[in-house]
Amino acid sequence: MIRKRSSSNVLPNTLGELELVVLEALWQQPHLDAKAVCARIPATRQPSLSTVQSALERLYRKELVERVKSGHAYTYSASVSRSNLLGRLMSDVIHLLHDGRLETILSSFVNVAADLDESSLNELETLIARKKGELGGDR
Amino acid sequence: MINSIGSFAAIWLTLWLLLSIVFALLYPLTRRLFNALHPRFGSTLLLYYWVAPFLVSLVSAAFLFMPSAEILLVDSHCHQDCQSHVPLIDSVVLSWFGIVMGSLVLLSLSVRLLLNIRRSRQLRSQFNFLSQPRGDFQAINSPTPLVFTLGWWNPCIYMSEGMYEACSGTDLSVIMAHERAHQERRDNLRMLLARLCSALLPRRWSGRMLEDLQLMTEQACDFRAAEKFGHVTVAETLLKVKRLLQSQPSPLPYGALAFAEREVEIRIMALLKQEQRVFLQSWQMVLLGITTLTLLLLMVSPLHHASEWVIALLAPVH
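Chains as they are written, first to last, in our numbering: chain A, 1 to 139; chain B, 1001 to 1318.
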């Protein structure tokens, strides 16, 4: 059966705020168990241990963290770097801009999802140069 | 009460659908007019054009169900007792049908709006978390060149290090002026409004309008940047950024979108031929507003009779 993608996972690498905070803790210090991750989260947003465990579980399912059984608990490490995650996120944005699914959320300076052939670009460059010559500078 | 709500919903939806179809059919004729205008006015009027079927149908339907407006705006006529009246469906089944359809449409629009809000918030919180504030924008530590404005009420500009490092000071100033224009005009919100208000039209019909609106919105921001830096400088920056993006390893199967392929070309040509665009004066905009309002008020009487005629076909009239 073909399942239609739900809107909640339109961005494949979508992460909640807590998941990001948990990842940040693991980027700073790998091989932490849930309790240690919980302790590293700023006091201003102190979530319960079970909430952090759920976030770690979600990150594990999204393959963003690795875990190793250590006694009764798991220790976790980030399996994706900050820059790698950013790269994935940027790639998602570019793909979704291409599909037109983000056009009501963000606007980009130049459409990244289309190509112009070299001769068209050269032609435009000539036109700009000619206009510049006519005006003797536009300012 | 059921009859009133059902009649209102049925009339509003029918009007919205009919007006949407009429506006969509007329669009190939009016499109040229919008394109002839300065993009600042063109983009605003185009937005009004596509929001109009929703708003006009809602306001007209509201007028139809206001007894005071009925006395003023509808020519006097009698059915049985010559009392002031509103067009009512005298059938419980049809009234409920109107209520159910109206509720479904409102529910679908609300769900779409909420999903968009959620998606926007998620995306924004992720980028905020992973980026650093730098002056007027958030700097994203990524070599992929990208700059965009994200959000509706309080949009924020995001620029990657790849873009920042590849551009000269002038290019960055032009890009920021363009993105600031998006911020000030709240263009993402405009696009969302247009999308929601054209929800009754098939995607094939509304797609072209949304593409045109997006293009005109970009042009409006180009022209805003050009007020400060000159049209040729903005055109040069557009071309430079386009070349920069194309020099990157492509994450996408390029060339699938005919509109997007030509987008930069159209924008550059618009900047180079900026003197051909018509600049509307304030009095012309006011005149346009007054004309629209007058037409709206004049529509109430024929709409009242048309509604009664349609209702009479379906069920006995009150």
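Note that beta-carbon positions come from the ideal geometry of N, C-alpha and C, so glycine has one too.
- In the structure shown, the three-state DSSP call for A/Ile41 is coil.
- Counting C-beta pairs closer than 8 Å gives fewer than three between the segment 76 to 89 of chain A and the segment 1201 to 1220 of chain B, which falls short of the contact rule.
- Counting only runs of at least 4 residues, the segment 1125 to 1175 of chain B fully encloses the following alpha helix (DSSP H) elements, listed from N- to C-terminal order: 1161 to 1166.
- Looking at the DSSP output, A/Arg130 shares a beta bridge with no other residue.
- Neighbours of A/Glu66 across chain B, judged by C-beta separation under 9 Å, do not exist; the nearest C-beta is about 20 Å away.
- Chain order gives no chain B residues near A/Gly136, where near means a beta carbon separation below 8 Å; the closest approach is about 10 Å.
- Taking the C-beta atoms as reference points, B/Leu1192 is found nearer than 8 Å to B/Asn1116.
- Taking 8 Å as the threshold, the shortest C-beta distance from A/Val110 to chain B falls below it.
- For A/Glu63, the closest Cβ of chain B is not nearer than 8 Å.
- Chain B places no beta carbon closer than 8 Å to that of A/Lys35, leaving this residue out of the contacts.
- Note: A/Ala73 is bridge-paired with A/Ser70 in the DSSP secondary-structure output.
- In the three-state reduction of the DSSP assignment, B/Ala1052 falls in the helix class.
- Beyond the five residues adjoining it in sequence on each side, B/Leu1200 comes within less than 7 Å, by CB distance, of Trp1016, Leu1017, Ser1020 in the same chain, given in chain order.
- Collapsing the DSSP output to three states places A/Leu32 in a strand.
- For A/Ile128, the chain B residues whose Cβ falls inside 8 Å of its Cβ are Val1232, Ala1235, Glu1236, Leu1239, Ile1268, Leu1272, in order along the chain.
- Residue pairing for B/Leu1037: DSSP places it in a beta bridge opposite B/Val1278.
- The beta-carbon of A/Arg40 is placed no less than 8 Å from the nearest beta-carbon of chain B.
- The contact set of A/Lys131 on chain B, defined by CB atoms closer than 7 Å, consists of Val1232, Leu1272 in chain order.
- Going by DSSP, B/Ala1226 is part of the alpha helix (DSSP H) stretching over 1203 to 1229.
- Put simply, of A/Ser108, A/Lys69, A/Ala78 the residue whose alpha carbon is nearest the alpha carbon of A/Leu20 is A/Ala78.
- The straight-line gap separating the alpha-carbon atoms of B/Leu1114 and B/Glu1263 is approximately 30 Å.
- Closest in C-alpha terms to A/Thr126, from the list B/Trp1152, B/Ala1177, B/Leu1244, B/Glu1236, comes B/Glu1236.
- In the assembly as shown, B/Lys1273 is an exposed residue. Its beta-carbon has fewer than 16 other beta-carbons within 10 Å.
- When DSSP states are grouped into helix, strand and coil, B/Ala1181 belongs to the helix group.
- Close CB contacts of B/Phe1041 within its chain, under the 6 Å cut and outside five residues either way in sequence, are with Leu1280 (chain order).
- The three-state secondary structure of B/Ser1198, taken from DSSP, is coil.
- Contacts between B/His1038 and chain A, judged by CB atoms closer than 7 Å, are missing: the closest CB pair is about 17 Å apart.
- Among the residues of chain B, none has a CB under 7 Å from the CB of A/Thr75; the nearest is roughly 24 Å distant.
- The C-beta separation of B/Leu1037 from B/Leu1045 comes to about 7 Å, placing the pair in contact by the 8 Å criterion.
- Identification of chain B residues near A/Glu17 by a Cβ-Cβ cut-off of 7 Å yields Ser1125, ordered along the chain.
- In the DSSP annotation of this structure, the continuous segment of the alpha helix (DSSP H) that includes A/Leu59 starts and ends at 49 to 61.
- Contact between B/Glu1161 and B/Pro1143 holds: CB atoms are separated by about 7 Å, below the 8 Å threshold.
- With respect to chain A, the C-beta atom of B/Ile1175 has a partner C-beta closer than 8 Å.
- Taking a beta-carbon distance threshold of 8 Å, B/Asn1154 does not count as an interface residue toward chain A.
- The Cβ neighbour count for A/Ser107, taken over all protein chains shown within 10 Å, is at least 16; the residue is labelled buried.
- Contact of A/Gly87 with chain B is assigned, a C-beta pair being separated by under 8 Å.
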